[in-house]
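K.L.:
Just dropping this structure here.
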Amino acid sequence: METTKIALFKGRKVRKTLYENEWWFSVIDVIAVFTDSTQPSKYWTAMKARVQDESEFQLSTICRQLKLLAEDGKMRQTDCADIEGMFRIIQSIPSPKAEPFKRWLAKVGFERV
Numbered sequence: 000m001e002t003t004k005i006a007l008f009k010g011r012k013v014r015k016t017l018y019e020n021e022w023w024f025s026v027i028d029v030i031a032v033f034t035d036s037t038q039p040s041k042y043w044t045a046m047k048a049r050v051q052d053e054s055e056f057q058l059s060t061i062c063r064q065l066k067l068l069a070e071d072g073k074m075r076q077t078d079c080a081d082i083e084g085m086f087r088i089i090q091s092i093p094s095p096k097a098e099p100f101k102r103w104l105a106k107v108g109f110e111r112v
């Protein structure tokens, strides 16, 4: 069963999908919320490379490509992470928004349909 929803963090959209009974969140959406980047996909690409260089850990190993509704109205493969993966990704983003977002993630991450 796969169910897709939009969650809001301080008015910003974060796409999530229910996959294997867990909520998985769009990594790009979370990066956009945290960094206010105009190009969150480029930020994500650079971040994966930086983390791998620094710690020999690949962030992409904690992600899955799941189909989410894109801006153009089409379902597109999107890097998504579950709650545990999101906490790992959040640790790699320097942002004062981390603590409020962690509390929000814990709340919406355990909601059921």
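The sequence shown begins at 0 in numbering that gives the first Met the number 0 and counts up by one.
Where a beta carbon is used, it is the ideal one built from N, C-alpha and C, also for glycine.
Give me, in chain order, the residues of the same chain whose beta-carbon lies closer than 7 Å to that of residue 97; leave out the 5 immediate sequence neighbours on both sides.
P.N.:
Position 98 of the sequence shown, counting from 1, holds the residue named residue 97. Hits under 7 Å: 89.
K.L.:
On the DSSP bridge list, what partners appear for residue 25?
P.N.:
As a first step, residue 25 is located in the sequence shown; it is residue number 26 there, counting from the start. Answer is 79.
K.L.:
Should residue 104 be counted as a contact of the ligand HEM given a C-beta to heavy atom distance under 6 Å?
P.N.:
This structure does not include the ligand HEM; it has no bound ligands of any sort.
K.L.:
Measure the beta-carbon distance from residue 14 to residue 25 and round it to whole angstroms, keeping in mind my assumption that it falls under 8 Å.
P.N.:
Here the question's residue 14 lines up with position 15 in the sequence shown. Here the question's residue 25 lines up with position 26 in the sequence shown. The Cβ separation is near 4 Å, so the contact holds.
K.L.:
Does the structure place the region 40 to 50 close enough to the region 99 to 107 that three or more beta carbon pairs sit under 8 Å?
P.N.:
The region 99 to 107 vs the region 40 to 50: no contact.
K.L.:
Considering only residues of the same chain and omitting the five flanking positions on each side of residue 5, which have a CB-CB separation below 8 Å?
P.N.:
Within the sequence shown, residue 5 is the residue found at index 6, counting from 1. Closer than 8 Å at Cβ, skipping near neighbours: 12, 13, 14 and 15.
K.L.:
When burial is assigned at 16 or more other CB atoms within 10 Å of the CB, is residue 100 buried or exposed?
P.N.:
Locating residue 100 in the sequence shown gives position 101, where the first residue counts as 1. When all chains shown are included, residue 100 counts as buried.
K.L.:
In or out: residue 71 buried (at least 16 other Cβ within 10 Å) or exposed?
P.N.:
By one-based count along the sequence shown, residue 71 stands at place 72. Exposed, since its Cβ has fewer than 16 Cβ neighbours within 10 Å.
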